[in-house]
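Residues 1 to 645 in the UniProt record's numbering are what the sequence shown lists, from first letter to last. Virtual Cβ for every residue (Gly too), placed ideally from N, Cα, C.
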Amino acid sequence: MEPDSEKFWYVHSCDLDVGIQVKIGTLDGRREKPNYEDLLKDPLLKHSGLHQASCSDLYVTCQVYSDGRELTLPVRTSYKSFSTRWNWNEWLTLPLKFSDLPRNAVLALTIYDCYGPRRSEPIGGTTISFFGKHAVFRQGLHDLRVWPNCVAHPEHTPGKVQDPGKDQMQRLAKLAKKHRNGQMMKVDWLDRLTFREIELINENEKRSSNSMYLMVEFPRVEHEGVIYSVVWWERGDQNEYEHHTSGNIVRIPDPEIALENLQEAKHHRLARSLRSGVTDKDLKPNLSIRDTLHVIIEYPPTKQLTSDEQDMVWKYRFYLSNQKKALTKFLKGVNWKLSGEAKQAIELLGKWAPPDVDDALELLGPGFTQPEVRRYAVERLSLVASDEDLLLYLLQLVQALKYEALDSVDMSLCDVSHYSSSDTSGGTGQAEDTTSEHSAQQDKMGSSAGSTGANLTRSTSSSLEESEAATIQRSPSSSLLAEPDSSDPSAAATDSVLLPELAEVETELDLASFLIQRACRNPTLANYLYWYLLVECEDQEVGLKHDAKVREMYLWVLRRFKLALQQGSREARLTRMSLTRQHHFMDQLVSLVKTVSKESGNRMKRIEKLQGLLADPENANYNFATFDQLALPLDPEVSGKILCI
Numbered sequence: 001m002e003p004d005s006e007k008f009w010y011v012h013s014c015d016l017d018v019g020i021q022v023k024i025g026t027l028d029g030r031r032e033k034p035n036y037e038d039l040l041k042d043p044l045l046k047h048s049g050l051h052q053a054s055c056s057d058l059y060v061t062c063q064v065y066s067d068g069r070e071l072t073l074p075v076r077t078s079y080k081s082f083s084t085r086w087n088w089n090e091w092l093t094l095p096l097k098f099s100d101l102p103r104n105a106v107l108a109l110t111i112y113d114c115y116g117p118r119r120s121e122p123i124g125g126t127t128i129s130f131f132g133k134h135a136v137f138r139q140g141l142h143d144l145r146v147w148p149n150c151v152a153h154p155e156h157t158p159g160k161v162q163d164p165g166k167d168q169m170q171r172l173a174k175l176a177k178k179h180r181n182g183q184m185m186k187v188d189w190l191d192r193l194t195f196r197e198i199e200l201i202n203e204n205e206k207r208s209s210n211s212m213y214l215m216v217e218f219p220r221v222e223h224e225g226v227i228y229s230v231v232w233w234e235r236g237d238q239n240e241y242e243h244h245t246s247g248n249i250v251r252i253p254d255p256e257i258a259l260e261n262l263q264e265a266k267h268h269r270l271a272r273s274l275r276s277g278v279t280d281k282d283l284k285p286n287l288s289i290r291d292t293l294h295v296i297i298e299y300p301p302t303k304q305l306t307s308d309e310q311d312m313v314w315k316y317r318f319y320l321s322n323q324k325k326a327l328t329k330f331l332k333g334v335n336w337k338l339s340g341e342a343k344q345a346i347e348l349l350g351k352w353a354p355p356d357v358d359d360a361l362e363l364l365g366p367g368f369t370q371p372e373v374r375r376y377a378v379e380r381l382s383l384v385a386s387d388e389d390l391l392l393y394l395l396q397l398v399q400a401l402k403y404e405a406l407d408s409v410d411m412s413l414c415d416v417s418h419y420s421s422s423d424t425s426g427g428t429g430q431a432e433d434t435t436s437e438h439s440a441q442q443d444k445m446g447s448s449a450g451s452t453g454a455n456l457t458r459s460t461s462s463s464l465e466e467s468e469a470a471t472i473q474r475s476p477s478s479s480l481l482a483e484p485d486s487s488d489p490s491a492a493a494t495d496s497v498l499l500p501e502l503a504e505v506e507t508e509l510d511l512a513s514f515l516i517q518r519a520c521r522n523p524t525l526a527n528y529l530y531w532y533l534l535v536e537c538e539d540q541e542v543g544l545k546h547d548a549k550v551r552e553m554y555l556w557v558l559r560r561f562k563l564a565l566q567q568g569s570r571e572a573r574l575t576r577m578s579l580t581r582q583h584h585f586m587d588q589l590v591s592l593v594k595t596v597s598k599e600s601g602n603r604m605k606r607i608e609k610l611q612g613l614l615a616d617p618e619n620a621n622y623n624f625a626t627f628d629q630l631a632l633p634l635d636p637e638v639s640g641k642i643l644c645i
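Here it is as C-alpha cells:
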C-alpha cells in the first residue's frame, strides 16, 4: 500500500468556486421495437428513432434538484450520430458551482429520442446524489439504472438501487471504489487485467438484463499530484453553542425509593394468603397457561423468575406438585420473610414429588438458605445418591457448606478457640498440651454441670489430638488393630458424652452431618472429604478477602469429622490414622521441597540435593526411603511404600 494511502486529503465544498462538470458516457441495454399493432395505431412511430435499424440519435439532459425542486435549467448534450452503440463521451458544465451545492443536491438525467417534427419523447430517466452518505462528493465512473418511459425525478427514478440479479456488479463497483481511494494495494499489471475483466463482467450483466444503464463520470479534484476529496461544508456553519455539562433536570433525593412498595406488598400478601390455598387446590391451567408453565419449568437454574412468573407458579403450585422439576422454581418464588407463606411452602414441600439428584444439589446452592429446604435436599441425597455418585460432586458439597446458616450451627461439640494451625498442618500436638491441662483443671473445679460436660469434650478432643500426633512416631500395625479398652472408665465416660451428641446432630440431617456420616462408612470418601476440608481450613493468603466465620465453621466440621472417625468402627479409626500419616507425610515433603528451592545452583544441583535429603532420614526428619504402606491422597486406592527420584 502506498505511504499516503493512510491519509485523507480533503477540501471543503464552500472553498471551491468552480463550475461542476459531469461526463456523459455510454448507454447500454436494449430498446424494444414497436410491433405492427403499435405502428397501425400510431403511424408516426415508423418515422421515429425507435423504428430505425441502427442506433437512433439520442440526447441527454442534466438538471440539479434539491428537496424535490429544480435549481438549474436543463443542460443537454450536443448532437451526435451513433452507429453501433450510444456513446456520447462528453463533459457537460452545469450552471452551478461546488460552493453553491446544497447537501441534498441530486443530479437528474433524462434521455430523449426524436419522435416527430419538433417533438421528442423520453426514453428513460435516472438520478444520483452529488454527495454520498458521508457528505463526500462522488468521484469516478458510476452505472445508473434507467427507468423506462419517464422523466428523471429524485423520488421516482433512483439510479442506485439494490438489484438482486446484479450482486456481482455492485460488489465489483465497491471494490473498484476502494482501489481508487487507495485502500487496496496497487499492482499495475494485475490492475490492468482485473479492470478489463470487471468491464467484461459488467457488460455481460448489462446485456443479460432487461434494464438500461447509463454510465456517468464525476470529476476529480487534483492538486500537485494529490487527489482531494470534496467534503460538503457551508460557510457560517461554525456557530458556537453553549453546552451545559449538568442537566437541566433538578435531581431531588427520594428517601422512599429503597422502601417497600406498599401496593406490590399488599398484592403479594393477598395472592398468597392462607385463604387462597383452599381454592388453589382445585385450580387447573388452560392450554396457554400450561404451555407457559412448561416454559418456566424448563428455565435454566441461573435464570431469575419475574414476579408474574413467580405468582403463576404459586397459583398453580398444587397442580405442579406432581412434577419434580418444578420444585426448584416453586421454592425460588417463596418469600421466606413472610411466616404464613413460608409455612405453606414447608407443608407443601413434604407432599411434592421427590426431585432428582441434580435438583437436590441446586437446593444446596446460595439461593436457598432456609434450613428446612436444605435438610430436605440432604435427605434426598441420602436416599438416592450412592457413594460413587457422591464422589463426583463431593467438592461442590464441601463448598456448599459455606451457604449453611452459620448462626444456627451448633458449635458446642468442638471449641475452636484453641484450635491452632498445628492441627491443620499435621503438628505434633505440643500446642495442645496446655489446653488439655487447662481442661483437666476445669474438670476438677466442677463449677457447674454444663461447664463440666463442655470441658470433658475439650479434654477428650485434646487427648485425641495428642494420640494422633503420637501415632506418627510409632508403627500403627499393633496399636490400630487393638480394640479400645472398655474397662477404662474415663474412656467410657468420654464415649457416653460424645457419641450421643454426635448421634443427635446427625439425626438433624444437615449437610455437614450427612457428609461425615457417609465418610465414616467409606474410606475413599473420607480421604477426599478430609483433604477438601483441610484446604478450606488453611490460612488464607495475605491480600485475599476471606470470611473468618466461614473458616471457623470449616474448622468445626473438620474437628467433628475427626471425632466421628475416632468414635467409629475399627475401620473408621484405621482411616483416621491413615489420614494423619498422610498429612504428616505431605507436611514433611513440602518442607523438603521448600528447603531444596532455597538451594542456589542449577537444576541438576537441586536434584542432587533433593536425592541426598531423601536418602538421609536424619536430615529430612522423615524416612522417605522406606516407610509403612501409605495411601496416596489423590487416589486412596493406590498405596506406596517408598519415594524415589
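Pick helix, strand or coil for residue i, following the three-state DSSP scheme.
{"i": "Asp389", "result": "helix"}
{"i": "Ile346", "result": "helix"}
{"i": "Ile289", "result": "helix"}
{"i": "Ser639", "result": "strand"}
{"i": "Glu608", "result": "helix"}
{"i": "Gly340", "result": "helix"}
{"i": "Lys41", "result": "helix"}
{"i": "Ser143", "result": "Looking at the sequence itself, residue 143 is Asp, so the reference to Ser does not match. Three-state result, Asp143: strand."}
{"i": "residue 654", "result": "This structure leaves residue 654 out entirely; the chain is present only between 1 and 645."}
{"i": "residue 652", "result": "Given that the chain is displayed from residue 1 to residue 645, the structure contains no residue 652 and the question cannot be resolved."}
{"i": "Tyr554", "result": "helix"}
{"i": "Arg380", "result": "helix"}
{"i": "Thr93", "result": "strand"}
{"i": "Ala360", "result": "helix"}
{"i": "Ala405", "result": "coil"}
{"i": "Arg103", "result": "coil"}
{"i": "Leu630", "result": "strand"}
{"i": "Arg76", "result": "strand"}
From residue i to residue j, what distance separates their C-alpha atoms?
{"i": "Leu392", "j": "Ser639", "result": "22 Å"}
{"i": "Asn210", "j": "Asn181", "result": "32 Å"}
{"i": "Ser66", "j": "His153", "result": "11 Å"}
{"i": "Gln63", "j": "Ile128", "result": "11 Å"}
{"i": "Gly225", "j": "Phe8", "result": "14 Å"}
{"i": "Ser578", "j": "Tyr316", "result": "54 Å"}
{"i": "Phe82", "j": "Phe137", "result": "32 Å"}
{"i": "Asp15", "j": "Ser99", "result": "6 Å"}
{"i": "Lys284", "j": "Tyr319", "result": "7 Å"}
{"i": "Ser13", "j": "Leu101", "result": "8 Å"}
{"i": "Glu608", "j": "Leu565", "result": "41 Å"}
{"i": "Gln629", "j": "His584", "result": "14 Å"}
{"i": "His268", "j": "Asn261", "result": "11 Å"}
{"i": "Tyr228", "j": "Glu121", "result": "40 Å"}
{"i": "Pro355", "j": "Gln168", "result": "59 Å"}
{"i": "Trp531", "j": "Leu305", "result": "37 Å"}
{"i": "Glu234", "j": "Ile20", "result": "17 Å"}
DSSP has residue i in a bridge; who is on the other side?
{"i": "Pro355", "result": "DSSP lists no partner for Pro355."}
{"i": "Asp113", "result": "Leu58 and Glu121"}
{"i": "Gly367", "result": "None; Gly367 has no bridge partner."}
{"i": "Trp86", "result": "Leu27"}
{"i": "Ala108", "result": "Gln63 and Thr127"}
{"i": "Pro158", "result": "Thr127"}
{"i": "Tyr10", "result": "Ser229"}
{"i": "Phe137", "result": "Phe131"}
{"i": "residue 650", "result": "One cannot answer for residue 650 here, as it falls past the ends of the chain, which runs 1 to 645."}
{"i": "Gly19", "result": "Lys97"}
{"i": "Glu70", "result": "Tyr65"}
{"i": "Pro148", "result": "Gly124"}
>> Going residue by residue through the stretch 178-265, where are the continuous beta strand (DSSP E) segments of at least 3 residues, counting only ones entirely within it?
In response: 212-218, 221-223 and 226-231
>> Whether or not the stretch 591-611 and the stretch 551-564 are in contact is what I'm after, with contact meaning three or more pairs of Cβ atoms, one per stretch, closer than 8 Å; do they touch?
In response: no
> Does the pairing of the stretch 248-261 with the stretch 33-42 give three or more beta-carbon distances under 8 Å?
Replying inline: no
>> When you compare the stretch 395-407 with the stretch 368-378, are there three or more beta-carbon pairs, one atom per stretch, that lie closer than 8 Å?
In response: yes
> Are the stretch 378-387 and the stretch 337-351 in contact at 8 Å, needing three or more beta carbon pairs?
Replying inline: no
> On the three-pair Cβ rule with 8 Å, is the stretch 199-207 touching the stretch 99-116?
Replying inline: no
>> Does the contact criterion of 3 or more C-beta pairs under 8 Å hold for the stretch 363-372 versus the stretch 516-523?
In response: no
> Counting Cβ pairs, one atom from each stretch, are 3 or more of them under 8 Å apart for the stretch 18-31 and the stretch 82-93?
Replying inline: yes
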